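Student: The structure is given below, and queries will be raised subsequently.
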Amino acid sequence: MMKGNEAIGEAAIVAGCRCFFGYPITPQNELPEYMARRLPEVGGVFVQAESEVAAINMVYGAAAAGARAMTSSSSPGVSLKQEGISYLSACELPCVVVNMVRGGPGLGGIQPAQSDYFQATRGGGHGDYRTLVYGAASVQELVDLTIEAFDAADRYRNPVLLLADGILGQMMEPAVFPDSPPLPPPAKPWAVTGASGRPRNLINSLILQPDMLEAHNWRLMEKFRQIEEREVRWEEDQLDDAELVVVAYGTTARVVRAALGAARREGLKVGLLRPITLWPFPAQPLRRLKRARAVLTVEMSTGQMVEDVRLAVEGRLPVQFYGRTGGVVPTPREVLARIKEIAGELAQEAGGRK
Amino acid sequence: MKQVFGRPRVLNDVVMHYCPGCHHGVIHRLIGEVVDELGIAERTIGIAPVGCSVLAYNYFNLDFVQAAHGRAPAVATGIKRALPDRVVFTYQGDGDLAAIGTAEVVHAAMRSERITVVFVNNAVFGMTSGQMAPTTLVGQKTTTTPWGRDARVHGHPLRVAEMLAALYGPAYIARVSVHTPAQVMKAKKCLEKAFRTQLEDRGFSMVEFVSNCPTNWGLSPLDSVRWLEENMLKYYPLGEFKLPEEVA
Amino acid sequence: MTREFLLAGFGGQGVMSLGMVLTYAGMLEGRQVSWMPSYGPEQRGGTANCSVIISTEPIGCPVVTEPDVLVAMNPPSWERFCGAVRPGGLAVVNSSMVKVSRAREDIRLTQIPATSLAEGLGNLRMANMVVLGALVGLTGVVGMDSVKKALDKVFPGREHLVAANRAALDKGLAWVTGGAAAGAAG
């Protein structure tokens, strides 16, 4: 059994990450603390940076040198890292960034939230780019997705974000670690290691000619399109006969799952779609729903993912929203009440049609 | 016939974009000569800043990384920590290093990162067309201090070499200039010491070049050298501010 | 079946490790488990609490807001959480410190002088294990064997404490079962 934050650290080490750069912020401190203890044991490097800005730029340097590198933070700190994430994506450098999201905006609070969804799924920094974003819902999934994140980052040469929150970071659950990553890290002939026996390598995102920058951006876009095609992931729970489909990710999906059991026991046909990748967003399962008559999005925000849900259903289904924000975690009871309310409206509509 | 003068091997045979009379070209050449003479080209990685020298990567035939404004010491830290046996240097102007990147260079120095910082101080933001830099002299006119830098409004210029030399972390800190042949020779010696400091794993090293900007100073190259000598060197004295004992 | 615990006390009373041992014991018995601390900006003092869920089903939200079982080690914990206990649930109160003034009719209440019992064993800090022993007897959610095995997982390298912890567990169990089980479980 391990705390979520520590499990991410151990999983990163299993994945071959040997460079970690961080800066203290609650609620993710157990992760850099774990790396500070563990990395020296495996010949790795931990540096506590002077800021989140410096930390992400150290990641940029280590990634440029060909290392599997990682940083972690929480919402205000991740805002500071956006400059570096934009540069990493522009230069096609792989890395993994963990955001243990807390309530915002501003300094906000330190309790769980999902209000960085827009920032995470829309690139986050300046310019035309996206990052693959995973939203974990258990300690085991933090382990599995951390390892996959390093793999995907190298495969696409792009930063990968792992989103969770203080609950997942602080909680302990049993988790199983593989002995090694599924794939060995690929060769990186583009890395700057000293131009010995080869032409020199250059890592650069300054492209002053508009036509060349445009071509570069379209090439990146093609890569992002491939990510959309290949990497989208989700979990379905009782969607087949569901008349009401709840969409929720991470901690919120756990809350919804608890409510779902109660709703089913009361005979309500409710199912859960849990996005595992937040970008790319799993629109497909929402587009092929057969019996659904309404969708309910539950988030720890004032409504961010709900926009992707609306884009996915393209107006064919009514999309409702239930959110708690600022660090308040919705309870299964609240979610159940909302489910019953919508189910009641659906029943009334059905009755009205007869 | 014996060749007595030539282009350093690690400098590319291209025309530099720097303005006539600008010292960047000379400083590039000195780096090229030192890297050549130390025989470290194949394991050297350079980091280019944002500013006039943003295109430095075009002039060196070395592995290079372009960094965000001010972040070069953090990027250098990441590279050096991942590849400790490589030689890593940053090339930064005063806007980059002494304004937006002050935290990065101070903390890299404090951690005694085994990197070499080449800091070019010409008292002005050059690439963005001559705004005030942290190193702009009191009274000096720039596009954002049209009546001259007023210490009450804009504060006093930052002496980076002295500031870093006050830290425990750095091993070698020097301030040089390249405005006369004699100073060029001295500057090269200091630059070599800085690289040696890194090669011998002694700690952080920085060489500050007091430099010129004829274009944004609004002076001819020759007048800019005179102005440098009469004004810059008074506030930015040359010399070695910190030495590792064995290198000294 | 799902049992949700909320374990509360002041810092130093060992409610976090109480929760961890309970959670590990559940894991050793093949159940789904989660342990979740409350966390806040304070580093010292104040009340600490943790949520533990032991279930045969996958666990939903790991934060327990309506516990089946509440452990209150000090007065503020009791005041704050006594109203949260699910009707029909159980509250275990450290009566060495907590004076229960208004009891709820719809929950079971067990008052155990955990601090005094621990003091009798020669170590105040074992009050948490006394309570855990009592929980084993009162809820049967995990067996004493599993709890004792879990001690090694939670306190690796602190074997010198294992004997004392075991004695405290037995003391708590004996207190709620009238002493009969203590010898058998040891």
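Protein chains in written order, with this note's numbering: chain A, 1 to 354; chain B, 1001 to 1248; chain C, 2001 to 2186. By construction, the Cβ of each residue, glycine as well, lies at the ideal position given by its N, Cα and C atoms. Small disclaimer: the values here were computed from a predicted structure and weren't measured.
For the putative contact between G271 of chain A and L239 of chain A, defined by C-beta atoms under 8 Å, what is the C-beta separation to the nearest angstrom?
Tutor: One-based indexing of the first sequence puts residue 271 of chain A at position 271. One-based indexing of the first sequence puts residue 239 of chain A at position 239. G271 of chain A to L239 of chain A, Cβ: 4 Å. Contact.
Student: Would DSSP call C1019 of chain B helix, strand or coil?
Tutor: Here the question's residue 1019 of chain B lines up with position 19 in the second sequence. In the structure shown, C1019 of chain B sits in coil (DSSP, three-state: anything other than H, G, I, E or B).
Student: Starting from V1120 of chain B, trace the beta strand (DSSP E) in both directions and tell me its first and last residue.
Tutor: Here residue 1120 of chain B refers to the residue found at position 120 when the second sequence is read from its first residue. Element bounds for V1120 of chain B: T1116 to N1121.
Student: Taking the alpha-carbon positions, what's the T2056 of chain C to M2036 of chain C distance?
Tutor: Along the third sequence, read from residue 1 onward, the residue named residue 2056 of chain C stands at position 56. Along the third sequence, read from residue 1 onward, the residue named residue 2036 of chain C stands at position 36. Distance between the alpha carbons of T2056 of chain C and M2036 of chain C: 18 Å.
Student: Skipping 5 residues on each side, what residues in its chain have a beta carbon closer than 6 Å to that of V2130 of chain C?
Tutor: Along the third sequence, read from residue 1 onward, the residue named residue 2130 of chain C stands at position 130. The residues are A2114, L2117, A2118, A2168, K2171 and G2172.
Student: How far does the beta strand (DSSP E) with I1047 of chain B in it extend, from its first residue to its last?
Tutor: Here the question's residue 1047 of chain B lines up with position 47 in the second sequence. I1047 of chain B -> beta strand (DSSP E) spans T1044 to A1048.
Student: With DSSP collapsed to three states, give me the class of V2098 of chain C.
Tutor: In the third sequence, counting from the first residue as 1, residue 2098 of chain C sits at position 98. V2098 of chain C falls in the coil class under three-state DSSP.
Student: Are the C-beta atoms of V1004 of chain B and some chain A residue less than 8 Å apart?
Tutor: Here residue 1004 of chain B refers to the residue found at position 4 when the second sequence is read from its first residue. No, V1004 of chain B does not count as interfacial toward chain A.
Student: Within 10 angstroms of its Cβ, does V1153 of chain B collect 16 or more other Cβ (buried), or is it exposed?
Tutor: Numbered from its first residue, the second sequence carries residue 1153 of chain B at position 153. With fewer than 16 Cβ atoms within 10 Å of its Cβ, V1153 of chain B is classed as exposed.
Student: So is S79 of chain A in contact with chain B if we call contact Cβ pairs under 8 Å?
Tutor: For the purposes of this step, residue 79 of chain A is taken as residue 79 along the first sequence, with counting starting at 1. Chain B, which has no Cβ nearer than 8 Å to the Cβ of S79 of chain A, makes this no.
Student: Which of helix, strand or coil does DSSP assign to G271 of chain A?
Tutor: Numbered from its first residue, the first sequence carries residue 271 of chain A at position 271. It is a strand residue.
Student: Looking at C-alpha atoms only, which residue of A:Q140, A:V232 and A:M305 is the closest neighbour of P178 of chain A?
Tutor: Walking along the first sequence from the start, residue 178 of chain A turns up at place 178. With distances taken between Cα atoms, P178 of chain A lies closest to A:Q140.
Student: Within the continuous alpha helix (DSSP H) that includes N2128 of chain C, where are the two ends?
Tutor: As a working mapping, residue 2128 of chain C is identified with position 128 in the third sequence. Start and end: A2127 to T2139.
Student: In terms of residue numbering, what span does the alpha helix (DSSP H) encompassing F321 of chain A cover?
Tutor: Here residue 321 of chain A is taken as the residue at index 321 of the first sequence, counted from 1. Here F321 of chain A belongs to no alpha helix (DSSP H); instead the beta strand (DSSP E) covers V319 to G323.
Student: Run down chain A in chain order and give the residues with a C-beta less than 9 Å from the C-beta of A1103 of chain B.
Tutor: Counted from its first residue, the second sequence places residue 1103 of chain B at position 103. Within 9 Å Cβ-Cβ: E50, S51, V53 and A54.
Student: Cβ of T131 of chain A within 8 Å of Cβ of I85 of chain A?
Tutor: Along the first sequence, read from residue 1 onward, the residue named residue 131 of chain A stands at position 131. Along the first sequence, read from residue 1 onward, the residue named residue 85 of chain A stands at position 85. Cβ atoms of T131 of chain A and I85 of chain A: closer than 8 Å.
Student: Using a Cβ-Cβ cut-off of 8 Å, state whether V2015 of chain C counts as contacting chain A.
Tutor: Taking the third sequence and counting its residues from 1, one reaches residue 2015 of chain C at position 15. For V2015 of chain C, the answer is no, since every Cβ of chain A falls outside 8 Å of its Cβ.
Student: If you drop the 5 nearest sequence neighbours on each side, which residues of the same chain put their C-beta closer than 6 Å to that of G1046 of chain B?
Tutor: Against the second sequence, residue 1046 of chain B aligns to sequence position 46. Closer than 6 Å at the Cβ level, and outside the excluded window around G1046 of chain B, lie F1060, L1062, F1064 and F1089.
Student: So that I know if they touch, is there some Cβ in chain A lying closer than 8 Å to that of M2001 of chain C?
Tutor: Here residue 2001 of chain C is taken as the residue at index 1 of the third sequence, counted from 1. It does not; no Cβ of chain A falls within 8 Å.
Student: For L2109 of chain C, write down the residues that DSSP places opposite it in a beta bridge.
Tutor: Translated into the one-based positions of the third sequence, residue 2109 of chain C becomes position 109. DSSP lists C:A2091 as partners of L2109 of chain C.
Student: Would you identify the three-state DSSP class for Q1092 of chain B, choosing helix, strand or coil?
Tutor: Counted from its first residue, the second sequence places residue 1092 of chain B at position 92. Strand.
Student: Look at the alpha carbon of Y1091 of chain B and the alpha carbon of G1025 of chain B, and state the distance between them as a whole number of angstroms.
Tutor: Position 91 of the second sequence holds residue 1091 of chain B. Position 25 of the second sequence holds residue 1025 of chain B. Looking at the two C-alpha atoms, the distance is approximately 12 Å.
Student: Tell me which same chain residues have a C-beta within less than 8 Å of the C-beta of W1147 of chain B, skipping the five on either side of it?
Tutor: Your numbering for residue 1147 of chain B matches position 147 in the second sequence. Excluding sequence neighbours, W1147 of chain B sits near K1141.
Student: Strictly under 8 Å for the Cβ-Cβ distance: is T1128 of chain B near chain A by that measure?
Tutor: The sequence position of residue 1128 of chain B within the second sequence is 128, counting from 1. Cβ-Cβ to chain A under 8 Å: no for T1128 of chain B.
Student: Can you pull the chain C residues whose beta carbon is under 8 Å from the beta carbon of E173 of chain A, in chain order?
Tutor: Position 173 of the first sequence, counted from the start, is the residue given in the question as residue 173 of chain A. Within 8 Å Cβ-Cβ: V2033, S2034, W2035, I2059 and P2062.
Student: Are L31 of chain A and V97 of chain A close, meaning C-beta to C-beta below 8 Å?
Tutor: Along the first sequence, read from residue 1 onward, the residue named residue 31 of chain A stands at position 31. Along the first sequence, read from residue 1 onward, the residue named residue 97 of chain A stands at position 97. Contact: no.
Student: Leaving aside the five residues before and after P285 of chain A along the sequence, list all residues of the same chain whose C-beta is less than 8 Å from its C-beta, in chain order.
Tutor: To locate residue 285 of chain A, count along the first sequence from 1; it is residue 285. The answer, listed in chain order, is W234, E236, L239 and L273.
Student: Between the C-alpha atoms of A2180 of chain C and V2136 of chain C, what's the straight-line distance to the nearest angstrom?
Tutor: As a first step, residue 2180 of chain C is located in the third sequence; it is residue number 180 there, counting from the start. As a first step, residue 2136 of chain C is located in the third sequence; it is residue number 136 there, counting from the start. Unreliable positioning characterises A2180 of chain C in this predicted model, as indicated by a pLDDT of 45, which lies under 50. The coordinate reading is nonetheless provided below. Cα to Cα, A2180 of chain C sits roughly 14 Å from V2136 of chain C.
Student: Sort out for me which residues DSSP pairs E236 of chain A with in a bridge.
Tutor: Here residue 236 of chain A corresponds to residue number 236 of the first sequence, with the count starting at 1. E236 of chain A pairs with A:L273.
Student: Applying the criterion that 16 or more other CB atoms from any shown protein chain within 10 Å of the CB defines a buried residue, is L206 of chain A buried or exposed?
Tutor: One-based indexing of the first sequence puts residue 206 of chain A at position 206. By the neighbour-count rule (16 or more Cβ atoms within 10 Å), L206 of chain A is not buried but exposed.
Student: Looking only at its own chain, which residues have a Cβ that is under 8 Å from the Cβ of V1178 of chain B, when we skip the five neighbours before and after it?
Tutor: Taking the first residue of the second sequence as position 1, residue 1178 of chain B is located at position 178. Result list for V1178 of chain B: H1023, V1026, I1027, L1030, V1184, A1187, F1209 and S1211, in chain order.
Student: Measure the alpha-carbon distance for L2090 of chain C versus H1107 of chain B and round it to whole angstroms.
Tutor: Within the third sequence, residue 2090 of chain C is the residue found at index 90, counting from 1. Within the second sequence, residue 1107 of chain B is the residue found at index 107, counting from 1. One C-alpha to the other measures close to 55 Å.
Student: Between the alpha carbons of G2186 of chain C and R2166 of chain C, how many angstroms are there, rounded?
Tutor: By one-based count along the third sequence, residue 2186 of chain C stands at place 186. By one-based count along the third sequence, residue 2166 of chain C stands at place 166. Because G2186 of chain C sits at a pLDDT of 31, beneath the cut-off of 50, its placement in the model cannot be relied upon, and the following sentence gives the value as read from the coordinates. When rounded, the distance between both Cα atoms is 8 Å.
Student: Which residues mark the beginning and the end of the beta strand (DSSP E) in which T2177 of chain C is found?
Tutor: Locating residue 2177 of chain C in the third sequence gives position 177, where the first residue counts as 1. That residue, T2177 of chain C, is in no beta strand (DSSP E); its alpha helix (DSSP H) goes E2159 to T2177.
Student: Can you pull the chain A neighbours of M2027 of chain C, defined as C-beta to C-beta under 7 Å?
Tutor: The residue you call residue 2027 of chain C lines up with position 27 of the third sequence. The answer, in chain order, is M1 and P174.
Student: So with CB distances below 8 Å, who are the chain A contacts of T2023 of chain C?
Tutor: Taking the third sequence and counting its residues from 1, one reaches residue 2023 of chain C at position 23. In chain order: M1 and M172.
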